[in-house]
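This report refers to the structure that appears directly beneath it.
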Amino acid sequence: MKWLWRYNVEDHALWREVIRHKFGELNPWCTNVSTDTYGVGVWKTIRALWPKLEGNLQKRVGDGKRIKFWKDGWKEQSPLMEIFPDLFILSNNPDGTIYDMWSAQGWNLFFRRLLNDWEIDRVVNLLNRIDDFNGTTAEPDTLRWKHNIDGQFSVKRVYKMKERVQSRGQPKIWRNLWNSPSPTKVKCFTWLVVKRPCLTQEVLKKKGDIIVSSTTLVSISQHNKDKLDYAEAYCRFA
1 MKWLWRYNVE
11 DHALWREVIR
21 HKFGELNPWC
31 TNVSTDTYGV
41 GVWKTIRALW
51 PKLEGNLQKR
61 VGDGKRIKFW
71 KDGWKEQSPL
81 MEIFPDLFIL
91 SNNPDGTIYD
101 MWSAQGWNLF
111 FRRLLNDWEI
121 DRVVNLLNRI
131 DDFNGTTAEP
141 DTLRWKHNID
151 GQFSVKRVYK
161 MKERVQSRGQ
171 PKIWRNLWNS
181 PSPTKVKCFT
191 WLVVKRPCLT
201 QEVLKKKGDI
211 IVSSTTLVSI
221 SQHNKDKLDY
231 AEAYCRFA
């Protein structure tokens, strides 16, 4: 996630330009998804984390040139196209930015046809929802990390959030296991057995491997023992 954040704040960095030219831009905030059908590229792996990062970001309007009026969640977390889908499909400029839609006189919303009465009411609702917008500035649009007061991304904060999620989903039995006085190798083996990366008979059967059950082994052992007893007796007779 850190590199995705840096992609947005280091606008003029050489490495960013190389990545942008190689993969192309999905939007001003992120590159296209890598379509390579082979290999595990570094940026391909990093890019896959964008949806998780985006859900923890807020778009702060500056000059409005990077934030899309309908498609970006700049007013609320949900974009206006999801809140007012009926108006979005009628918009003359569905990909327009805030810069395109705003002027000193207010919002410039244009539609492909004359609106019905009930659609006019919907436009009124839309304008009321964004009525507190203070206009654009000379500064560029920016991203803010929701979980820090200063809006800056923090790797430490991500780890803390991850630990909280894991601790909420961790059953009490695991806390008891790791805090128990048992030897470390016993704790680790118990964890492996329960989590099932350990190659138990059940796991091997699911993988399609041929397993000889303990009952079969006992039968084979008994059969071999009988044969050995017979051979031993025969040899003595001979």
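Under UniProt numbering, the residue at position 90 of the sequence shown is numbered 90, and the numbers go up by one with no gaps. In this text, a Cβ means the ideal position worked out from N, Cα and C, and glycines have one as well.
Simplified DSSP state of residue i, which is helix, strand or coil
i: LEU217; result: The pLDDT assigned to LEU217 is 47, lower than 50, so where the model puts this residue is not dependable, and the model offers no usable value.
i: PHE88; result: helix
i: LEU115; result: coil
i: ASN134; result: coil
i: TYR230; result: In this prediction, TYR230 scores a pLDDT of 44, lower than 50, which makes its location untrustworthy; the coordinate-derived value is nonetheless stated afterwards. Helix.
i: LYS22; result: helix
i: ALA13; result: coil
i: THR35; result: coil
i: PHE153; result: coil
i: MET161; result: helix
i: ASN179; result: helix
i: SER148; result: The sequence as given places Asn at residue 148; Ser does not occur at that position. If DSSP states are grouped into helix, strand and coil, ASN148 belongs with coil.
i: VAL194; result: helix
For residue i, the nearest candidate out of the options (CA to CA)
i: ASN27; options: PHE189, MET161, GLY96; result: GLY96
i: ARG6; options: GLU76, PHE153, GLY62; result: PHE153
i: ILE83; options: LEU114, ILE98, LEU57, ILE130; result: ILE130
i: PRO91; options: THR190, VAL186, GLU119; result: The displayed chain sequence assigns Ser, not Pro, to residue 91. With distances taken between Cα atoms, SER91 lies closest to GLU119.
i: ASN108; options: ASP11, LYS2, GLY135, PRO85; result: GLY135
i: ASN116; options: LEU87, PHE133, TRP102, VAL158; result: LEU87
i: GLN105; options: ARG122, THR45, PHE133, ARG157; result: PHE133
i: PHE127; options: TRP102, LEU114, ARG66; result: First, the amino acid is wrong: residue 127 is Leu here, not Phe. Selected option, being the one with the closest Cα: TRP102.
i: residue 239; options: GLU17, MET1, THR45, LEU57; result: Given a span of 1 to 238 for the chain in the structure shown, any question on residue 239 remains unanswerable.
i: GLN77; options: TRP29, ASN176, ARG60; result: ARG60
i: ARG113; options: ILE89, ASP100, VAL124; result: ILE89
i: TRP43; options: LYS65, ARG20, MET81; result: ARG20
i: ARG47; options: THR31, PRO183, VAL18; result: THR31
i: ALA138; options: GLU25, GLY62, LYS2, GLU10; result: GLY62
i: residue 299; options: ALA13, ASP11, GLY41, GLU10; result: What the structure shows of the chain is the stretch from 1 to 238, and residue 299 is not part of that stretch, so it cannot be assessed.
DSSP beta-bridge partners of residue i
i: CYS30; result: ASN27
i: residue 241; result: Since the first and last residues shown for the chain are 1 and 238, residue 241 lies out of range.
i: GLY106; result: SER103
i: TYR97; result: Before going on, a small fix: residue 97 reads as Thr here, not Tyr. LYS68.
Min CB distance residue i to chain E below 9 Å
i: ARG47; result: In the structure shown, chain E cannot be found, because there is only a single protein chain.
Problem set entry | Sequence ranges, alpha helix (DSSP H) only - wholly within the stretch 38–88, length at least 4 | 42–47, 50–54, 80–83, 85–88
Exercise. Taking three-plus beta-carbon pairs below 8 Å as touching, is the stretch 53–64 in contact with the stretch 144–153?
Worked result: yes
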